[in-house]
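Asks: Below are the structure tokens for one structure; questions will follow.
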Amino acid sequence: MTAQRSPRALVGGLIAAVLLALSLSAHAAPGCTASDGGTGGTGVVNDGGTGGTGATDEGGTGGTGIRAEGGTGGTGGTGIVGAITGFASICVNGLEVYFDAATAVTVNGEAGDIGRLAVGQLIALRADNSLKGLVTRNVAVLHVLEGPVTEGLGESGAVRVMGRTVYAAAATLGGLSRLADLQAGNWVQVSGYRNAQGEVVATRIDLVEKRPAASAIGVLNRDRENGVALDGLPVSGMAEIPSSDGEVLVRGAWNGKALVVERMQPDPSLPFAGQVERVVVEGLVLRAGDAHLRISGFDVRMEKNTAISGGNRDELAEGRKVRITGRLESGRHLRAERIELGRVGSGERSTRQQSGQKTDAIGGRAMMSDVPGMAERMSGAERAERMERMERIDRPERMEHPAGMEHMTRPHTMDMVRPGGK
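Set out below in structure tokens:
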């Protein structure tokens, strides 16, 4: 015979069930979480953070770890430069940024397709706060190299593209199963970060059909042997080079020895220049001093109160991957408020990426129905997996332990960034 429960017990159980359901709904379709420590993955420890970002942000903005103070002179929002680590909607630098079918996309300065965003691509965008979280209306995909393979290096974990070495041991691959399958003449799009030698540490490599033009992003300088070069890549057709030491995007024809420049665009990774004060950027340390860093096209000034996680200042050495949160002061000069160090030697790929499965499908809170072609890009197994996960979240099987409710973490409050002021 079933024991009768008292009205108080029934009401208590109902309240607990409602609270648990609300909590599960609030945390449904987890956002941009990461494994512990460092910049690999999202690079933020998930310890009861904000909106699924995994950031232990106290009064910060959508997982940025910075307090929203509002802009001046019409500025607002947050500028973000980094590699996509997942989709929910876009996970980049530990932040979740929403987009929809109206979001404009460029790929190395050319009109692109929102449906082709993929894990590992380096992107730059401006994110503004809304009621549902950070949103963006423009995404710039940045391929550091786009052109022909000039030498396949077998099983070495590297390849040469237009003569430049690309290290790809930790890169996500698109259109091919093994890096060793690449042969001279294949066209590829490479996302990643340059090191101090001008070589590329790739986050993603896509095998693509031959394009009308090749392109590259980097810093122009005069090479004693080859004339003008872009981080070691010979370029021709330029009467003069910009006086600024910032990055440029060059596009033109690869003639087998040099990139013959037809068009140049300054600062491709700063589409938000003059629009934001706060930035979250990621890159490799190129030079390190007592109070200054040079990372992937940005000059960074450190202060005594700059917070450092994942290591200490002595570990800010050449080649270390870092994520920097701070203020964009002028040009490509940043004042660092927080620096996160990546794990030394840590791989960038998730288990799914290492196993060769696709990782560029939209999941979690992605608005698949709003973006034509997104749902079609998921395999049947991926759709089934995501549906199963969502069903588990939406319909909890076990409700018999409401006593544990007092251990649930309450979401942190979050200051909102409003363009033009507080």
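Following this note's numbering, the numbering of the sequence shown begins with -19 at its first residue and continues without gaps. Here a beta-carbon is modelled for each residue, glycine too, at the ideal position from N, C-alpha and C.
Give me whichever residues DSSP pairs with Pro214 in a beta bridge.
Replies: Beta-bridge pairing links Pro214 to Ala209.
Asks: Going straight from the alpha carbon of Ala193 to that of Gly113, what length do you get?
Replies: Their backbone Cα atoms lie some 38 Å apart in a straight line.
Asks: What does the alpha-carbon distance come out to for the pair Gly155 and Asn285?
Replies: Rounded to the nearest angstrom, the two C-alpha atoms are 45 Å apart.
Asks: Can you find at least 3 beta carbon pairs, one from the segment 210 to 228 and one from the segment 182 to 191, that sit closer than 8 Å?
Replies: Judged by Cβ distances under 8 Å, the segment 210 to 228 makes no contact with the segment 182 to 191, as fewer than three pairs qualify.
Asks: Let me confirm a value: Glu320 is counted as buried when at least 16 other C-beta atoms fall within 10 Å, else exposed. Which label applies?
Replies: Per the 10 Å Cβ criterion, buried.
Asks: For the segment 73 to 82 and the segment 271 to 278, state whether three or more C-beta atom pairs, one from each stretch, are separated by less than 8 Å.
Replies: Taking 8 Å as the limit for Cβ pairs, the verdict is that the segment 271 to 278 does not touch the segment 73 to 82.
Asks: What are the start and end residues of each continuous alpha helix (DSSP H) run of 4 or more residues lying completely inside the segment 239 to 324, in chain order?
Replies: None, since the segment 239 to 324 contains no complete alpha helix (DSSP H) of that length.
Asks: Which residues does DSSP list as the beta-bridge partners of Ala104?
Replies: The partner list for Ala104 (beta bridge, DSSP) reads Val61 and Ala120.
Asks: According to DSSP, simplified to helix, strand and coil, what is Leu159?
Replies: Reduced to three states, the DSSP call for Leu159 is helix.
Asks: Thinking C-alpha only, which one of Ile64, Glu126, Ala151 and Arg117 is nearest Asn88?
Replies: Looking at the Cα atoms, Glu126 is the closest of the given residues.
Asks: Look up Gly198 in the DSSP assignment and say whether it is helix, strand or coil.
Replies: Residue state, collapsed to three classes: strand.
Asks: Decide if Asn292 is buried, meaning its Cβ has at least 16 other Cβ atoms within 10 Å, or exposed.
Replies: Asn292 should be labelled exposed.
Asks: Pick from His313, Glu298, Gly306 and Glu317: whose alpha carbon is nearest that of Tyr173?
Replies: Checking every option, the nearest Cα to that of Tyr173 belongs to Glu298.
Asks: Are the CB atoms of Ile60 and Asn73 nearer to each other than 7 Å?
Replies: Yes, they are a contact pair.
Asks: Let me know the secondary structure DSSP gives Glu227 once reduced to three states.
Replies: In the structure shown, Glu227 sits in coil (DSSP, three-state: anything other than H, G, I, E or B).
Asks: In three-state terms, what does DSSP make of Ser110?
Replies: Looking at Ser110 - three-state DSSP - the assignment turns out to be strand.
Asks: At the level of alpha carbons, what is the spacing between Tyr78 and Arg204?
Replies: In a straight line, the C-alpha of Tyr78 is about 46 Å away from that of Arg204.
Asks: Do Val280 and Leu250 have their C-beta atoms closer together than 7 Å?
Replies: Contact flag unset, no.
Asks: Output needed for Gly212: all residues of its chain with C-beta closer than 7 Å, excluding positions within five of it in sequence on either side, in chain order.
Replies: Cβ within range, chain order: Arg144 and Gly178.
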